[in-house]
Amino acid sequence: MSNATLSDRRPSTLRAASLPKWFSWAVAAASVALGLGVSAALGLESSIQWALIAGVLFVAGTFGIAARVEGKRQAKDRVATSVVWVAFLLAVIPLASLVWETVSRGVKVLDTYFLTHSMGVVADTEPGGGIYHAILGTLEQVGLATLISVPIGVLTAIYLVEYGRGKLAKAVTFFVDVMTGVPSIVAGLFILSTWILILDMGPSGFAGAMALTILMLPVVVRSTEEMLKLVPNELREASLALGVPKWRTILKVVLPTAIGGITTGVMLAVARIAGETAPVLLLVWGSNFINSNPFSDPQASLPMYIYLQYANSGGSGAAYDRAWAAALTLIAFIMILNLAARGIARWKAPKTGR
Amino acid sequence: MAKRIDVSGLNAYYGSFRAIEDISMTVEPRTVTAFIGPSGCGKSTFLRTLNRMHEVTPGGRVEGKVMLDDEDLYGAGVDPVSVRREVGMVFQRPNPFPTMSIYDNVAAGLKLVGGKKKSEMDDVVEKSLKGANLWNEVKDRLGKPGSGLSGGQQQRLCIARAIAVEPNVLLMDEPCSALDPISTLAIEDLIGELKERFTIVIVTHNMQQAARVSDRTAFFNLAAVGQPGKLIEIDDTERIFSNPSVQATEDYISGRFG
Ligand SMILES: Nc1ncnc2c1ncn2[C@@H]1O[C@H](COP(=O)(O)OP(=O)(O)OP(=O)(O)O)[C@@H](O)[C@H]1O
Ligand SMILES: [Mg+2]
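As structure tokens, then:
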């Protein structure tokens with residue numbers, strides 16, 4: 000046997016058989032079709048069932064074909080990729096359908112009238128009315144909670160990262176951890192028992208804001224802490240070596256470097272508390288009227304408005320539509336906050352461009 | 000105005016670990032002194048005791064005396080912040096402030112302390128950038144971020160930032176180790192110019208660099224890993240490189256160990 004024939008027969012070690020680019024798409028289409036066919040044949044109604052069948056078929060089919068054509072290693076690689084895709088779709092589908100549901104049901108009554116009027120003269124069963132009072136309440140309660148928790152939270156984080164050593168810092172860290180796990184209803188009960196039952200104050204937006212502060216504070220501390228830790232020590236040393244006092248170093252070098260991340264953290268914390276219902280239910284009570292003073296008398300808030308409207312609607316009618324429209328408003332509000340956070344983070348991020 | 004540094008009986012610790020032991024030396028004003036020695040022998044640690052940056056490290060502690068002309072840096076009631084205004088420092092890796100423009104980086108030391116008018120500030124920034132041989136390269140983009148410069152430019156920016164506060168002494172910890180030969184040359188030339196105005200101490204692993212830029216050279220060594228570093232000898236650079244009085248120095252310089 001000559002050398003030439005030997006090398007002719009031996010396949011190249013670098014180039015192997017590979018499937019065309021459209022392979023994954025074809026398998027996906029085939030498995031969706033198969034999934035639909037199987038569920039039709041078995042009389043399965045739920046779309047979750049055929050989607051799951053299609054997902055399993057997709058992963059298995061990818062592996063089977065790729066293993067035969069491309070070999071074991073490439074097949075594993077493809078399976079990992081397709082599992083990621085299936086998981087991604089499984090995560091996106093509920094999210095997309097939630098947004099779709101909310102938007103399609105919410106736009107029915109969502110207009111400027113809805114945004115600028117309260118429920119003051121409208122009975123729950125009648126059409127009309129709006130969420131002005133609830134938006135106002137949410138803005139004031141969340142705003143107050145933010146005003147209280149951001150300074151305290153950021154200062155605590157600065158203490159923990161820049162100064163904290165020893166027992167006190169450990170204790171603070173421990174309490175922040177504990178606070179992170181406090182359920183919102185417990186935070187509400189805590190304020191209820193001190194502010195309303197012991198100090199004998201009435202329900203108010205401020206009482207709700209205090210409970211929201213309990214929920215927001217640990218998130219702010221934690222995220223700020225992480226951001227401050229990301230600031231390289233070299234920058235602190237560079238500033239200190241210039242003869243800049245430590246507090247000014249923190250104020251002028253450390254905080255500006257971390258401000259983008261801190262803002263993002265705060266915005267996410269705000270988004271989290273804006274949807275809280277339990278403490279608001281306990282402490283602010285809700286109201287059908289416009290109350291712009293957060294320091295006395297019950298106030299409305301968006302999550303509670305949604306809950307009350309839905310509870311009074313029996314699953315259809317004007318109140319039901321209003322509940323969806325308010326939900327859409329709340330989602331939009333949180334979305335805007337998130338976008339703002341991203342914008343600020345990008346705008347304030349340390350510049351590297353030339 | 001350059002000042003004399005006079006160190007006697009200096010020990011520095013990280014927690015309970017003694018990193019340098021019993022160091023005494025004098026650094027004359029308007030000279031360049033180079034510190035050489037194997038890795039881990041405490042050159043950086045010693046350098047950082049000269050502007051009280053050592054104590055910034057958790058557990059950092061210093062014993063002994065460092066006289067700046069006739070003031071003890073470690074005397075009672077001495078404020079480390081004012082010490083650092085007198086003794087500036089340039090680090091191994093260029094570390095411009097990423098949120099600040101080139102202008103603000105140079106002005107940082109002055110601004111962060113406050114009390115200068117805009118026109119005065121402009122003058123200081125221009126003077127410092129010229130002093131660091133960077134002015135021509137950046138004068139058209141003073142408002143751009145400092146992190147957009149090349150590594151060598153960034154290091155000269157850091158030197159400009161350090162000399163803008165008019166210190167008496169300038170400490171440099173391997174200022175060229177992250178730079179290419181041309182930027183290195185630029186900085187070595189710069190050191191030659193700066194020594195007219197400042198007392199300069201430079202740590203370097205580059206023997207040729209020590210020989211080129213310094214008037215005096217100090218050789219540090221450590222007996223073994225985990226042992227404190229010691230000053231072996233300090234002498235005129237020419238003598239150290241031609242005819243050192245300690246055998247270990249000659250071995251190190253000629254590459255026989257370390
Ligand atoms: N932050 C620290 N904590 C504890 N020990 C440290 C710390 N920094 C340095 N050391 C120790 O102190 C000793 C001296 O270190 P130093 O950084 O001063 O050495 P060096 O001579 O500058 O070395 P190189 O030439 O590699 O920069 C070493 O044993 C080192 O491990
Ligand atoms: Mg060093």
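Taken in order, these protein sequences are the chains called A and B.
The first sequence: position 336 = 335 (numbering that gives the first Met the number 0), numbered continuously.
The second sequence: position 229 = 228 (numbering that gives the first Met the number 0), numbered continuously.
In this text, a Cβ means the ideal position worked out from N, Cα and C, and glycines have one as well.
None of the values given here were measured: they were computed from a predicted structure.
Ligand 2 heavy atom lying under 7 Å from the CB of residue i
{"i": "VAL202(B)", "result": "yes"}
{"i": "GLU233(A)", "result": "no"}
{"i": "GLU173(B)", "result": "yes"}
{"i": "SER176(B)", "result": "no"}
{"i": "LYS42(B)", "result": "yes"}
Within-8 Å CB hit, residue i to chain B
{"i": "PRO93(A)", "result": "no"}
{"i": "GLU233(A)", "result": "yes"}
{"i": "THR223(A)", "result": "no"}
{"i": "LEU135(A)", "result": "no"}
{"i": "THR256(A)", "result": "yes"}
{"i": "LEU109(A)", "result": "no"}
{"i": "GLU236(A)", "result": "yes"}
{"i": "MET226(A)", "result": "no"}
Reduced DSSP secondary structure (H/G/I, E/B, other) of residue i
{"i": "LEU5(A)", "result": "At LEU5(A) the pLDDT is 48, less than 50, meaning the model places this residue with poor confidence; the figure from the coordinates comes in the next sentence. Note: LEU5(A) maps to helix in three-state DSSP."}
{"i": "PHE294(A)", "result": "coil"}
{"i": "SER213(B)", "result": "coil"}
{"i": "ILE130(A)", "result": "coil"}
{"i": "MET109(A)", "result": "A small correction: the amino acid at residue 109(A) is Leu; Met does not occupy that position in the sequence shown. If DSSP states are grouped into helix, strand and coil, LEU109(A) belongs with coil."}
{"i": "ARG29(B)", "result": "coil"}
{"i": "ALA247(B)", "result": "helix"}
{"i": "LYS245(A)", "result": "helix"}
{"i": "VAL164(B)", "result": "coil"}
{"i": "ILE231(B)", "result": "strand"}
{"i": "ASN315(B)", "result": "Nothing can be reported for residue 315(B), as the shown portion of chain B is limited to 0 through 257."}
{"i": "PHE288(A)", "result": "coil"}
{"i": "LYS166(A)", "result": "helix"}
{"i": "TYR309(A)", "result": "helix"}
{"i": "TRP346(A)", "result": "helix"}
{"i": "MET66(B)", "result": "strand"}
{"i": "PHE34(B)", "result": "strand"}
{"i": "ASP139(B)", "result": "coil"}
{"i": "TYR12(B)", "result": "strand"}
Chain A residues whose Cβ lies nearer than 9 Å to that of residue i
{"i": "VAL80(B)", "result": "LEU239, GLY242, VAL243, PRO244, LYS245"}
{"i": "GLY87(B)", "result": "ALA240, LEU241, GLY242"}
{"i": "ARG83(B)", "result": "LEU239, ALA240, LEU241, GLY242, VAL243"}
{"i": "ASN94(B)", "result": "PRO231, GLU233, LEU234, GLU236, ALA237"}
Residue i: contacting residues in chain B (beta-carbon distance under 7 Å)
{"i": "LYS251(A)", "result": "LEU111"}
Minimum Cβ-Cβ distance from residue i to chain A less than 8 Å
{"i": "PRO97(B)", "result": "yes"}
{"i": "ASN167(B)", "result": "no"}
{"i": "PHE219(B)", "result": "no"}
{"i": "PHE90(B)", "result": "yes"}
{"i": "MET120(B)", "result": "no"}
{"i": "MET171(B)", "result": "no"}
{"i": "VAL55(B)", "result": "yes"}
{"i": "ARG29(B)", "result": "no"}
{"i": "ASN50(B)", "result": "yes"}
{"i": "ARG160(B)", "result": "yes"}
{"i": "ILE164(B)", "result": "The amino acid occupying residue 164(B) in the given sequence is Val; Ile does not appear at that position. Judged by the 8 Å Cβ criterion, VAL164(B) is in contact with chain A."}
Heavy atom of ligand 1 within 7 Å of residue i beta-carbon
{"i": "SER15(B)", "result": "no"}
{"i": "GLY36(B)", "result": "yes"}
{"i": "THR32(B)", "result": "no"}
{"i": "THR262(B)", "result": "Nothing in the structure corresponds to residue 262(B), since chain B is present only between 0 and 257."}
{"i": "GLY228(B)", "result": "yes"}
{"i": "GLY63(B)", "result": "no"}
{"i": "GLU39(B)", "result": "According to the sequence provided, residue 39(B) is Gly. The question's Glu does not apply to it. Flag set: Cβ of GLY39(B) near ligand 1."}
{"i": "ALA240(A)", "result": "no"}
{"i": "ALA156(A)", "result": "no"}
{"i": "ALA18(B)", "result": "yes"}
Residue i at chain D interface by Cβ criterion, 8 Å
{"i": "GLU27(B)", "result": "As a matter of chain content, chain D is missing from the structure shown, whose protein chains are A and B."}
Relative to chain A, which residues along the segment 99 to 111 of chain B have a C-beta separation below 7 Å, given in chain order?
ALA107, GLY108, LEU111
Between the segment 71 to 104 of chain A and chain B, which residues of the former have CB atoms less than 9 Å from a CB of the latter, in chain order?
none
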